[in-house]
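Below is one structure, written out as structure tokens; the observations come after it.
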Amino acid sequence: MIKFISALLFSVIATTASATIEVQDEMGTFSIEQTPQKIVVLEYSFIDALATLGISPVGIADDGKVHSVIKQISEKIKPWVSVGTRSTPNLEIIASLQPDMIIADFERHATIYEDLKKIAPTLVLKSRGETYADNLISMVKVGQAVNQEQKIKQRLAQHNQRMDAFAKEINSDKTFMFSVANAKGIWMHSPVAYAGGVISRLGLKSPIPEETQKAYISATLERLVKANPEYLLIGKYGEQTIIDSFQKNPLWQAISSIKEETYSETNPFLWSKNRGMIAAEIMALELKSLIK
Amino acid sequence: MFKRFIPDLYPSLYLQHKLTLFALAIAILCYSFYFSIVAFSQFSLQASDVYQVLFNYNANDLNQKIIVSLRLPRSLVATLAGIAMACAGLLMQGITRNSLASPSVFGVSAGAAFAFAFSSTGLLPWLSAIPVLFITMFGALIAGVAVFFLGGLHRPQANPIRIVLAGVAINYLCISMTRAAVIYADENAYGVLHWLIGSVSNTQLSDVYTMLPGTVSGLAIALFFSHKLNLLHIGDSVMNSLGSSATSVRLWLSIAIILLIASAVSVVGPIGFIGLIIPHLCRALIGQDYRLLIPLCVLYGASLMLCADSLARIIRFPDDSPIGIVTTSIGALFFLLLALKQVRREP
Chain V
77 MIKFISALLF
87 SVIATTASAT
97 IEVQDEMGTF
107 SIEQTPQKIV
117 VLEYSFIDAL
127 ATLGISPVGI
137 ADDGKVHSVI
147 KQISEKIKPW
157 VSVGTRSTPN
167 LEIIASLQPD
177 MIIADFERHA
187 TIYEDLKKIA
197 PTLVLKSRGE
207 TYADNLISMV
217 KVGQAVNQEQ
227 KIKQRLAQHN
237 QRMDAFAKEI
247 NSDKTFMFSV
257 ANAKGIWMHS
267 PVAYAGGVIS
277 RLGLKSPIPE
287 ETQKAYISAT
297 LERLVKANPE
307 YLLIGKYGEQ
317 TIIDSFQKNP
327 LWQAISSIKE
337 ETYSETNPFL
347 WSKNRGMIAA
357 EIMALELKSL
367 IK
Chain S
938 MFKRFIPDLY
948 PSLYLQHKLT
958 LFALAIAILC
968 YSFYFSIVAF
978 SQFSLQASDV
988 YQVLFNYNAN
998 DLNQKIIVSL
1008 RLPRSLVATL
1018 AGIAMACAGL
1028 LMQGITRNSL
1038 ASPSVFGVSA
1048 GAAFAFAFSS
1058 TGLLPWLSAI
1068 PVLFITMFGA
1078 LIAGVAVFFL
1088 GGLHRPQANP
1098 IRIVLAGVAI
1108 NYLCISMTRA
1118 AVIYADENAY
1128 GVLHWLIGSV
1138 SNTQLSDVYT
1148 MLPGTVSGLA
1158 IALFFSHKLN
1168 LLHIGDSVMN
1178 SLGSSATSVR
1188 LWLSIAIILL
1198 IASAVSVVGP
1208 IGFIGLIIPH
1218 LCRALIGQDY
1228 RLLIPLCVLY
1238 GASLMLCADS
1248 LARIIRFPDD
1258 SPIGIVTTSI
1268 GALFFLLLAL
1278 KQVRREP
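Chains as they are written, first to last, in the numbering used here: chain V, 77 to 368; chain S, 938 to 1284.
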């Protein structure tokens, strides 16, 4: 009897240890034989999920810029190897790291999926152009893939509580818009963009609620004046941006946010790239301090 | 046939024909300009707003403010870019004696585009501190000078084929380097690509002042050498035998091309096909005389750019589309028509 129970227990343990993890991803069903230890991520949003779970990715497609990963996240993980840009990650560097798993973005990396799969099992999730809700779903999937589903779900519940608390504290009916600007243009983040989703989660209104198809809308000053946000937050890429020339135009003063001095600038890497629960909570904290 | 005999047999009728063409071109330009000022806006801009701006400007009226601060500079930039592109294309065709030559043959647009894309990568941080305008002008100048010497334009009896080959080589070199730069400029890639297609969105009055010196001086050089261009069209040897230096004319006209293209590209990006379509169209209307061709190209080039800008606004209204999408589509259609015409001519 004892022998039988021991054999049964052993077989259960053995089955559990070698149980294949399966996750539904953008390419179908992702499966991995054992819990991955060495992970390479090809988009910033996946770092947030791993850092939340206390996992340090061995390689990150960080565009060769360490500062692209916000301090609050980079502090939680160990130093990583840059595997190139997000648009063209270096497959040789990825292979040299001998990862157990790669997490890739559907929009950017679907075309190199087969090549990535030859290096390691590849989990393909939405990242570029994802909504806030998409991001939370992806986070749970990352948790499932690293065999920490319970932990990520607990964190998600905690995140929801925190966001509810922020929404209660902010409690404003003003219109709020985040946009990014570079030397040649400005892009408004619509309610379906990640930043737009966080803003709406906190109960704030978008000045362009009708824009439900496109996440990023290329804007002219005329379009910005028409949108007329009561709060305008800009993330600048580079020293010189189109905002410099807008500020010289008399119409800039016609925007409510400029008139009411509620215009401010922020870190575009936080608001536009490092999407995830950690980032969303920092964004909420920034919003709380901005709203008068 | 008509163009060949009318001047000799009926000089007054010929003059009337030319005057009609110019009057028509001026009328089209005026209407295109007005249309681009009021059309396709989320603010309902009316003719009465334009009237108020002209005769009773009220700085507190939002519609009038939009016309003065945004629409007018935008239309002026489109006008100047159209003038510069069309005139540069005509000059290119004149000095290479190749009717399919366009500003891209000189690699000037591609040089400017590469300079801008490279500065956006941030690989050289000090480059980001230099205004975009100077960067693009520098790129255009380097590419133009390279083609000038590689194409042998500094030598007497320049070979048009060599010029075209040098231009195409520099053009492709710049295009391939631009693509590489776009990959490196990942976080700015969308903005760089948007600019590379060509756009007049977000242009300001300062852009008009930026474009004005290059466009006016380039146009002045072109008009000054318009008679010499007629001689150059016949051949280098004929021109040299008449006491004019073909090399010197080519040098001056190359300077004019670089000035025209650099001033346009630095503000609106490398807009294609205007420099190819307009000279063809004007040549079909008025003949080969460059003294008339240059002013006619100026009028129709500006009109086409203004119409293309209005069309670019309606494609995804209220979002702006890059004007380059419209000019490229018109250019492709134009090429198809040209090819069909050639097929029909052949027995």
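Even glycine gets a Cβ: it sits at the ideal position worked out from N, Cα and C.
Taking residue i as the reference, give the member of the options with the closest Cα.
i	options	result
S:Pro-1133	S:Cys-1244, S:Pro-1259, S:Phe-970, S:Ile-1171	According to the sequence displayed, residue 1133 of chain S carries Leu and not Pro. When only C-alpha atoms are compared, the closest one is S:Pro-1259.
V:Lys-154	V:Asn-166, V:Ser-172, V:Ile-115, V:Glu-190	V:Ile-115
S:Val-1105	S:Arg-1092, S:Val-1084, S:Met-1022	S:Val-1084
V:Ser-321	V:Phe-345, V:Asn-343, V:Ala-303, V:Thr-296	V:Thr-296
S:Leu-999	V:Trp-328, V:Asn-350, V:Ser-333	V:Trp-328
V:Pro-305	V:Asp-176, V:Ser-340, V:His-185	V:Ser-340
S:Arg-1250	S:Ser-1136, S:Leu-1090, S:Ala-964	S:Ser-1136
V:Ile-169	V:Arg-162, V:Met-177, V:Ser-158, V:Ser-163	V:Ser-158
S:Ile-965	S:Phe-992, S:Leu-1241, S:Phe-1086	S:Leu-1241
V:Val-222	V:Glu-337, V:Ile-108, V:Leu-361	V:Ile-108
V:Arg-162	V:Thr-198, V:Tyr-292, V:Arg-204, V:Ser-276	V:Arg-204
S:Asn-997	V:Asn-350, V:Gln-174, V:Pro-326, V:Glu-151	V:Pro-326
S:Ser-1143	S:Asp-1226, S:Ser-1203, S:Arg-1253, S:Thr-1264	S:Ser-1203
S:Ile-1072	S:Gly-1048, S:Leu-1087, S:Gly-1089	S:Gly-1048
S:Gly-1031	S:Asn-1167, S:Ser-1006, S:Pro-1068	S:Asn-1167
V:Gln-100	V:Lys-202, V:Ala-356, V:Leu-366	V:Lys-202
V:Lys-290	V:Gly-272, V:Asp-176, V:Ala-186, V:Ile-246	V:Gly-272
V:Ser-276	V:Thr-251, V:Met-264, V:Arg-299	V:Thr-251
V:Met-264	V:Gln-174, V:Leu-199, V:Ile-310, V:Ile-367	V:Ile-310
S:Leu-1233	S:Leu-1156, S:Asn-1177, S:Val-1263	S:Leu-1156
V:Ile-354	V:Asp-138, V:Glu-98, V:Ile-228, V:Gln-113	V:Ile-228
V:Pro-285	V:Leu-363, V:Met-253, V:Tyr-307	V:Met-253
Taking all protein chains shown into account, decide if residue i is buried (16 or more other Cβ within 10 angstroms of its Cβ) or exposed.
i	result
V:His-235	buried
V:Lys-141	exposed
S:Cys-967	exposed
V:Leu-192	buried
S:Lys-1165	buried
S:Pro-1255	buried
S:Trp-1063	exposed
S:Arg-1228	exposed
S:Phe-1053	buried
V:Gly-130	exposed
V:Gln-230	exposed
V:Val-145	buried
V:Lys-217	buried
S:Leu-1236	buried
V:Thr-96	exposed
S:Lys-1278	exposed
S:Met-938	Legend: pLDDT at S:Met-938 = 45, less than 50; position of this residue unreliable, value from coordinates given subsequently. It is exposed - the Cβ of S:Met-938 has fewer than 16 other Cβ atoms within 10 Å.
Grab me the residues of residue i's own chain with a C-beta within less than 8 Å of its C-beta, minus the 5 sequence neighbours each way, in chain order.
i	result
S:Gln-1001	Asp-986, Gln-989, Val-990, Tyr-994, Asn-995
V:Thr-288	Ser-266, Pro-267, Val-268
V:Asn-258	Lys-312, Tyr-313, Gly-314, Thr-317, Ile-318
V:Leu-167	Ile-188, Asp-191, Leu-192, Ile-195
S:His-1217	Ser-1036, Phe-1271, Leu-1275
V:Glu-206	Ser-121, Ser-214, Tyr-270, Arg-351
Only counting the same chain, and skipping five residues up and downstream in sequence, which positions put a Cβ closer than 6 Å to that of residue i?
i	result
V:Val-117	Ile-123, Pro-133, Ile-136, Ile-179
S:Ser-980	The amino acid occupying residue 980 of chain S in the given sequence is Phe; Ser does not appear at that position. Same-chain partners within the cutoff: Asn-1000, Ile-1003.
V:Glu-225	Gly-219
S:Met-908	With chain S represented from 938 up to 1284, any question about residue 908 of chain S goes unanswered, as that position is not in the structure.
V:Ala-243	Leu-278, Gly-279
S:Gln-1141	Pro-1010
S:Ser-949	none
Tell me which residues share the same chain as residue i and place their Cβ nearer than 7 Å to its Cβ, disregarding the 5 neighbours each side in the sequence.
i	result
V:Ala-330	Val-301
S:Met-1022	Pro-1040, Ala-1201, Ile-1208, Ile-1211, Gly-1212, Gly-1238
S:Ile-1195	Val-1045, Ala-1077, Leu-1078, Gly-1081
V:Ala-345	Contrary to the premise, residue 345 of chain V reads as Phe rather than Ala in this sequence. Only Ser-144, Ile-146 meet the Cβ criterion.
V:Gly-261	Ser-294, Ile-318
V:Ala-127	Ile-149, Lys-152, Ile-153, Ile-354
Using DSSP's beta-bridge definition, name the partner residues of residue i.
i	result
V:Lys-312	V:Ala-257
V:Ser-340	V:Leu-309
S:Thr-1033	Partner(s): none; S:Thr-1033 has no beta bridge.
S:His-1265	A small fix is needed here, since residue 1265 of chain S is Thr in this sequence, not His. Its beta-bridge partners do not exist; DSSP assigns none.
S:Asp-1256	S:Arg-1253
V:Leu-23	Any property of residue 23 of chain V remains undetermined from this structure, which presents chain V solely from 77 to 368.
**Q.** alpha helix (DSSP H) runs contained entirely in the stretch 1195-1238 of chain S, provided each spans 4 or more residues
**A.** 1211-1223
Q.
To test your reading of the DSSP string, which unbroken alpha helix (DSSP H) runs of 4 or more residues are found completely within the stretch 92-180 of chain V?
A. 120-128, 147-150, 167-172
Q | Contiguous beta strand (DSSP E) assignments of at least 3 residues, all confined to the stretch 245-305 of chain V | A | 252-257, 262-265, 292-295
Q | Ordered list of beta strand (DSSP E) runs contained in the stretch 1077-1160 of chain S, each at least 3 residues | A | none
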